[in-house]
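Per this note's numbering, the sequence shown starts with residue 69, numbered consecutively.
Every residue, glycine too, gets a C-beta built ideally from N, C-alpha and C.
Everything below concerns the one structure shown next.
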Amino acid sequence: MEEFLGLVLGQGQGVAANAASEVANEWRTANNHIRELEAREAGLADNAPIEPLPASIEPLAQQVLADPIFQRAFALLPTKLGMVELDKLVVFQKDINLEAVRGVQSTLPSKLTEEDVFRLCLPAEHPHPPTCGMRIAPNAFAFVSPSTDFRSLDVNLFEGNPIPAASYSGPVSHLLAFAV
């Protein structure tokens with residue numbers, strides 16, 4: 069609750085500083101609902117049936133499976149693409165950037181096809197959200213993006229001159245190298 073209060077009261081737009089009690093009550097209500105769902109739906113996601121992809125999506129699936137970024141991300145696991153009913157899954161996302169959501173929505177057609185949904189979930193062309201990299205101190209750098217999927221991709225030690233090409237587990241927006 070403490071983290072939620074800090075987020076809502078610190079970053080919430082139009083939330084009065086004295087609204088902590090009301091916000092805490094909203095959190096308790098939501099938390100109680102989650103506990104009820106956990107009890108009522110325990111184990112529901114454990115054996116969700118995996119359905120084969122429709123034939124119309126199979127060419128898109130083959131593109132994804134052949135993608136070097138996808139292959140590297142799932143190199144250690146046997147991987148198969150299929151469909152599951154979303155209502156039976158447990159999904160956690162700590163932060164949702166509503167501006168980013170609106171940006172994605174603006175790119176979608178008004179009537180989604182199965183192919184549109186597949187491309188949104190597993191794009192063969194990797195989106196490059198806006199990013200900013202900066203040096204913030206002699207020994208510190210910061211990288212920011214409105215994307216909730218912005219993270220460090222890999223750590224590598226490069227030796228030699230020139231630096232060899234490397235593959236990464238996602239689209240690269242910046243590469244930070246230290247000469248030692």
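Taking a C-beta distance under 8 angstroms as the contact criterion, Ala88 and Leu77 qualify as a contact pair. Residue pairing from DSSP places Gly201 in a beta bridge opposite Phe211. DSSP places Glu109 outside both helix and strand once states are collapsed to three, so it counts as coil. Taking a cut-off of 8 angstroms for Cβ pairs, the stretch 91 to 103 and the stretch 142 to 149 do not touch, as fewer than three such pairs fall below it. It is roughly 36 angstroms from the alpha-carbon of Gly238 to the alpha-carbon of His101. Taking C-beta atoms under 8 angstroms as the contact rule, Leu157 and Ala116 qualify, at a distance of about 6 angstroms. When Leu166, Trp95, His194, Leu128 are compared, the shortest CA-CA separation from Tyr236 is found for His194.
The C-beta of Phe209 has fewer than 16 other C-beta atoms within 10 Å across all chains shown, which makes the residue exposed. Cβ-Cβ distances below 8 angstroms link Leu243 to nothing in the same chain once the five nearest sequence neighbours on each side are left out. Nearest Cα to Leu188 within the set Ile137, Cys200, Glu106, Val172: Val172.
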